[in-house]
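I have placed the structure first, in the form of structure tokens, so that the comments after it can refer back to it.
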Amino acid sequence: MNLLEFARGPAFNFALIVFVFGVVWRLAGLFLQWRRRDLSKPRQHNLIVAGTRAMLMRSLPPHELEKHIVFQHMSGYAWHIAWFISLLFFAPHLPFFKQFLGFAWPALPNWISLGAGAVALALLLTLVIRRATNPVLKQISTWDDYISVVLTILPLATGFLAYGRLLPIRYETLLALHLLSICALLVWYPFGKLMHLFLTFPSRFQAGALLGRKGVEA
Amino acid sequence: MSANIYEGGTAGLPQFRGGASKTAERPVSRRTDAERLARAKDVILREVDGAHATYLETCIRCGMCAEACHFYRATGEAKWTPIYKVQPLKRLYQRELGPMRWLHRLVTKDVTLKDLEDWQELVYDGCTECGRCDLMCPMGIQISPMIGIMRRALAEADLLPKELAAVAEEQKRDGTVFGVGRADILALVQQLAAKGIAVPVDKERATVVLLTSAVDLKGFQGSLEASARILNRMGVDWTLLSHSIELLGTGESLRELNVRRLVDEVTRRDAAVLILPECGHAYPALRFDSAHMLGEPVPFEVYSAAEYFGKAVQEGRLKLRKGAGEKVTYHDPCKVGRHGGVFDEPRAAIKALGLELKEMESHARTNYCCGGGGGQFLIERAKPLRQRAFEIKMREVDDTGAQAVLTGCNSCRINYLNGGANANWKTPVRSLVEVMAANLE
Ligand code: SF4
Ligand code: SF4
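Going down the list, the sequences are from chains A and B.
Just so you know, we're using my numbering here: the first sequence kicks off at 1 and counts up by one.
Just so you know, we're using my numbering here: the second sequence kicks off at 1001 and counts up by one.
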């Protein structure tokens, strides 16, 4: 078995098992914890509406708050969107989705998905430098932040290396490294902050319902 | 006609201290360090539930919450970052409660008493539990309730700042706060009677129960007078409680004890309404938290004074004289506004007074704290920090061009008056209820 076969076969399967089991473990462990029942008389009765509204609206804080966070905020959303465009709409990725899911969707022109990947890479590198130098971020950062960002950058970086054949090694090896970087991302996923992909909406919902009970828009 | 927005208030502010003379400069704990740490951990482990867990697990450490906090915005010092203030709580959660605790026990440091000592400044001096950060977080994380847990944990570890410890000790020992208690309430009632203002005290039954507060008795006696005059004018069947001023306490057990006692007093009178004085911290405690403490909702409505009277205006039960359109701004007390949802009623009263409301840039739910809420105004060493935070407020008020600030919390008023005096800032700060009482139709 060569490296590419290993990456496509056992490594990917192992990563997928860890990912699925880990995510389920962490979500179940979290949602099964006891919760205090709020017995106070609510000011606003439809807390489901309040929670759902917060899930949708929390991306847009009020002007008084937004004006101080424009770069962090916009760059955060921008790299996520760019990263997912390059993952989901880059033509060479689509046969993989077809094989894995049984269906696929049209790809975007390469210049768009590669451009998105470049934007994501540039923003992630800027943000990690910012994390290491900004006093607030330095103070609250943990090893999880650096592991997570490196593992998010690696698929992009190895993808560019493989697509452009930018290293003097065999294409299959570059492709294997790209696949292994994705395996590493999947394995790490349930252990660190990347889980926020599953948790952001529950957290926002809770906040919306909590503040809604008090009659305050979240 | 003028709406009297400049008159009244407190000329010389009294010192708000607990029975400090009887209290050691540094509270000395009679417990061992191990006991103190265990008590603090116990509070955190008991209080953190699935909702807090979801918040803690969701934080991406983006640091945006810092930009909401007046202490960070005023100083630029990273240590005031809201989520950093709960770091020990998070570590304990990760090691003891989280689904990945088996991993965190290997890689996350345990919490020590030294950590808690180091966090005292962060959660007491550097947080007024104003909740502004709760609105900023893109993940919806509610940080201030977790800072509340940190504060209670530190209190259990005998790590209250000495001024707050003195208040707690005085309250436990003498049943007074800032040296005032029942005798002072009765004396004030007599003074009001001499002025022709009837204050029914401790009636066996009443539809509406009114409380006063230690802050009012000590510094803003006009507040009780104003509420009494309005209630009398409205013809409400009311009574003032003489032995249940909002002694809500700094430690969890004392707070619960006082809430229980107060709820009993109001329930015993078959009252439909409890009006809290112009005091921030009592409001969320009784309006929302009491149900959790008691295991059931309280059997009466809880209002803050400005809310109750503002609502009466909205419903046409209270008529006010219109002024000449003076420009005023309204300071939403954090605990009544962002933590309590009271925004419209005070504004309805301002409108009925014929005043022109000039909102601050940050108002209603995004209002900046006065800088001294959550007992912070008592902490002497935090004075420079408080002043820096207050300067944000001052700037926002100045930008409105308002001739006066109205508010519904006398603790906020203390901060405005102290902060304003330090900065030689002349804008008057008035109680909305007092302005209403001065303009009854
Ligand atoms: S803003 Fe929210 S997600 Fe970002 S660091 Fe603060 S608490 Fe964490
Ligand atoms: S509650 Fe207010 S004072 Fe405390 S950290 Fe949040 S914004 Fe700052």
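Yeah, the Cβ is synthetic: ideal placement off N, Cα and C, and Gly gets one too.
Just so you know, these numbers come straight off a predicted model, no measurement behind them.
Bridge-paired residues (DSSP) for residue i
| i | result |
| --- | --- |
| residue 1330 of chain B | B:1406 |
| residue 1452 of chain B | This structure cannot speak to residue 1452 of chain B, because chain B is shown only from 1001 to 1441. |
| residue 1304 of chain B | B:1276 |
| residue 1356 of chain B | B:1327 |
| residue 1239 of chain B | B:1209 |
| residue 1177 of chain B | B:1180 |
| residue 1440 of chain B | B:1320 |
| residue 1431 of chain B | B:1407 |
| residue 1201 of chain B | B:1240 |
Neighbour list for residue i in chain A, Cβ cutoff strictly below 8 Å
| i | result |
| --- | --- |
| residue 1146 of chain B | Here the premise fails: no neighbours, minimum Cβ distance about 12 Å. |
| residue 1063 of chain B | 72, 134, 136, 137 and 140 |
| residue 1139 of chain B | 58, 196, 199, 200, 203 and 204 |
Residues of its chain near residue i, where Cβ-Cβ distance is below 6 Å and the 5 sequence neighbours each way are ignored
| i | result |
| --- | --- |
| residue 189 of chain A | 19 |
| residue 1286 of chain B | 1302 |
| residue 227 of chain A | Beyond the ends of chain A as shown, which are 1 and 218, falls residue 227 of chain A; an answer cannot be given. |
| residue 1237 of chain B | 1206 and 1207 |
| residue 1440 of chain B | 1233 |
| residue 1018 of chain B | Note that residue 1018 of chain B scores 48 on pLDDT, short of 50, meaning its location in the model is unreliable; the coordinates nonetheless yield the value given after this. Cβ neighbours of residue 1018 of chain B beyond the five flanking positions: 1166, 1167 and 1170. |
| residue 1024 of chain B | In this predicted model, residue 1024 of chain B has a pLDDT of only 37, less than 50, meaning its place in the structure is not dependable enough to derive any value. |
| residue 1226 of chain B | 1433, 1434 and 1437 |
| residue 1308 of chain B | 1275 |
| residue 1161 of chain B | 1124 and 1379 |
| residue 1012 of chain B | For residue 1012 of chain B, the predicted structure reports a pLDDT of 48, less than 50, and the residue's modelled location is therefore unreliable. The matter cannot be settled from this model. |
Nearest-angstrom beta carbon gap, residue j and residue i [assumed within contact, 8 Å]
| i | j | result |
| --- | --- | --- |
| residue 1212 of chain B | residue 1224 of chain B | 5 Å |
| residue 1146 of chain B | residue 1052 of chain B | 6 Å |
| residue 137 of chain A | residue 130 of chain A | 6 Å |
| residue 1140 of chain B | residue 58 of chain A | 5 Å |
| residue 1415 of chain B | residue 1375 of chain B | So it is not a contact: roughly 12 Å between Cβ atoms. |
| residue 1132 of chain B | residue 1329 of chain B | About 18 Å separates the two Cβ atoms, so there is no contact after all. |
| residue 1116 of chain B | residue 1154 of chain B | 6 Å |
| residue 1409 of chain B | residue 1326 of chain B | In fact, because the Cβ distance is near 21 Å, the residues do not count as touching under 8 Å. |
| residue 61 of chain A | residue 1054 of chain B | About 20 Å; that fails the 8 Å criterion. |
Close-in-space but distant-in-sequence residues of the same chain around residue i (CB under 7 Å, 5 per side omitted)
| i | result |
| --- | --- |
| residue 1110 of chain B | 1095 |
| residue 1071 of chain B | 1080, 1126, 1385 and 1389 |
| residue 4 of chain A | 172, 175 and 176 |
| residue 10 of chain A | none |
| residue 1086 of chain B | 1143, 1146, 1147 and 1150 |
| residue 1022 of chain B | Here the model assigns residue 1022 of chain B a pLDDT of 40, short of 50, so the residue's position is not dependable and the matter cannot be decided. |
| residue 1221 of chain B | 1188 |
Chain-ordered chain B contacts of residue i [CB-CB under 7 Å]
| i | result |
| --- | --- |
| residue 195 of chain A | 1057 |
| residue 115 of chain A | The contacting residues do not exist; residue 115 of chain A stays about 25 Å from chain B at best. |
| residue 106 of chain A | None at all; the shortest Cβ gap to chain B is about 31 Å. |
Cross-chain neighbours of residue i in chain B, by beta carbon under 9 Å
| i | result |
| --- | --- |
| residue 30 of chain A | 1050, 1053, 1054, 1057, 1098 and 1099 |
| residue 25 of chain A | 1099 and 1100 |
Residue i CB to nearest heavy atom of ligand 4 below 7 Å
| i | result |
| --- | --- |
| residue 1062 of chain B | Ligand 4 is not among the ligands present in this structure, which contains only ligand 1 and ligand 2. |
Chain-ordered neighbours of residue i on chain B, where CB pairs are closer than 8 Å
| i | result |
| --- | --- |
| residue 34 of chain A | 1049 and 1050 |
| residue 69 of chain A | 1064, 1067 and 1136 |
| residue 210 of chain A | 1051 and 1142 |
Neighbouring residues, chain A, relative to residue i (Cβ below 9 Å)
| i | result |
| --- | --- |
| residue 1083 of chain B | 140 |
| residue 1143 of chain B | Correct list: empty, because the minimum Cβ distance to chain A is about 10 Å. |
| residue 1340 of chain B | 43, 214, 215 and 216 |
| residue 1292 of chain B | 36, 37, 38, 39 and 40 |
| residue 1309 of chain B | Residues of chain A passing the Cβ test: none, with the nearest at roughly 18 Å. |
| residue 1230 of chain B | Within 9 Å Cβ-Cβ: nothing; residue 1230 of chain B doesn't reach chain A, min ~23 Å. |
| residue 1103 of chain B | 191 |
Cutoff 8 Å; reference residue i; Cβ partners in own chain excluding five residues on either side
| i | result |
| --- | --- |
| residue 1186 of chain B | 1201 and 1242 |
| residue 1189 of chain B | 1199, 1201, 1240 and 1242 |
| residue 1272 of chain B | 1207, 1208, 1300 and 1301 |
| residue 1119 of chain B | 1085, 1087, 1088, 1150 and 1154 |
| residue 1317 of chain B | 1234 |
Neighbouring residues, chain A, relative to residue i (Cβ below 7 Å)
| i | result |
| --- | --- |
| residue 1365 of chain B | 216 and 217 |
| residue 1161 of chain B | What residue 1161 of chain B touches in chain A: nothing, since even the nearest Cβ is about 23 Å away. |
| residue 1359 of chain B | The contacting residues do not exist; residue 1359 of chain B stays about 11 Å from chain A at best. |
| residue 1204 of chain B | Simply none; closest approach about 26 Å. |
query: Would you say the region 1317–1334 of chain B touches the region 1083–1097 of chain B, given that touching needs at least three Cβ pairs under 8 Å?
result: Contact fails between the region 1317–1334 of chain B and the region 1083–1097 of chain B, because fewer than three Cβ pairs, one in each stretch, are under 8 Å apart.
query: Touching or not, the region 1300–1318 of chain B and the region 1354–1365 of chain B, by the rule of three or more beta carbon pairs under 8 Å?
result: Too few Cβ pairs lie closer than 8 Å, so no.
query: Residues in the region 1181–1194 of chain B with C-beta within 7 Å of chain E's C-beta atoms, listed in sequence order?
result: Although the question refers to chain E, the structure presented lacks it and instead comprises the protein chains A and B.
message: Count Cβ pairs between the region 25–44 of chain A and the region 207–215 of chain A that sit closer than 8 Å; are there 3 or more?
response: Look at the beta carbons and you see the region 25–44 of chain A touching the region 207–215 of chain A: at least three pairs across the two are nearer than 8 Å.
field: Sufficient close CB pairs (3 or more, under 8 Å) joining the region 1118–1136 of chain B to the region 1051–1067 of chain B
entry: With a cut-off of 8 Å on Cβ pairs, the region 1118–1136 of chain B is in contact with the region 1051–1067 of chain B, counting three or more such pairs.
message: Quick test of the definition: if touching needs 3 or more C-beta pairs under 8 Å, does the region 108–122 of chain A touch the region 142–162 of chain A?
response: With a cut-off of 8 Å, the region 142–162 of chain A and the region 108–122 of chain A count as touching, because enough Cβ pairs lie within range.
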